[in-house]
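Structure first, commentary second.
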Amino acid sequence: MSEISHTWLNDLPKVELHLHLEGTLEPELMFELAKRNAIPL
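This is the structure in structure tokens:
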């Protein structure tokens, strides 16, 4: 692979393909967001 294409590929924006949201917020916030959006838990 040439240096230009290697650099170009490295500079492209990346995407998160696999993400677990459960562990990223406090339970209180989860319950508040569910209540605010009428989502039963």
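Quick note: the sequence shown uses this note's numbering, first residue 5, plus one each step. For each residue, glycine too, the CB sits at the ideal point set by N, CA and C.
Item, Value
"Own chain partners of residue 45 with C-beta closer than 6 Å, once the 5 adjacent residues on each side are dropped", "38"
"N- and C-terminal bounds of the alpha helix (DSSP H) containing residue 28", "Per DSSP, residue 28 belongs to no alpha helix (DSSP H) and is neither H nor E."
"First through last residue of the alpha helix (DSSP H) which encompasses residue 10", "7 to 15"
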